[in-house]
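Student: In the working numbering, the protein residues as written are 3 to 136. Each residue gets a CB set at the ideal place from its N, CA and C atoms; glycine is no exception. So that we are looking at the same thing, I have put the structure below in structure tokens.
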């Protein structure tokens, strides 16, 4: 997942509907937010920009830039928005501290019906079996 995809997901999770709205909340120029969202991996925003965006989106710079929580961060306050006060229960092999993909999947599935959750779990199990069996 690219920084642009994580930024888009965070905007969606926080109910931010436009680049201009995020610019007002963060103090980051809209043109810079546009560059992040459109250039994907080809654009690296400054540390100051990442700090402002992370603060406005209530997340951490390591998660926003790399999809992982920093080694000194722990607890629900460091988790991406959408988790509330407690992270959802996940297998030990799927820790948000290790990997931002699991955090995003958990946040997205949190609002889905049980039938969708079961279908996704079935697909993940099939993929895991396939990778184990070669």
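DSSP state of residue 108, grouped into three classes?
Tutor: helix
Student: How long is the line joining the alpha carbons of residue 124 and residue 15, rounded to whole angstroms?
Tutor: 25 Å
Student: When you compare only the Cα positions, how much space is there between residue 19 and residue 116?
Tutor: 27 Å
Student: Please tell me whether, using a cut-off of 7 Å, the distance from the CB of residue 109 to the nearest non-hydrogen atom of the ligand SAH is below it.
Tutor: Absent from the structure shown: the ligand SAH. Ligands present: none.
Student: Which residue wins for smallest C-alpha separation from residue 54, given the options 111, 6, 110 and 25?
Tutor: 25
Student: Take the Cβ of residue 118 as the centre, count every other Cβ of all protein chains shown within 10 Å, and call the residue buried at 16 or more, exposed below.
Tutor: exposed
Student: What three-state label does DSSP hand residue 14 in the structure shown?
Tutor: The answer is helix: DSSP assigns residue 14 an H, G or I state.
Student: Nearest CA to the CA of residue 49: which residue from 12, 113 and 34?
Tutor: 34
Student: Excluding the five sequence neighbours on either side, which residues of its own chain have a C-beta within less than 6 Å of the C-beta of residue 57, listed in chain order?
Tutor: none
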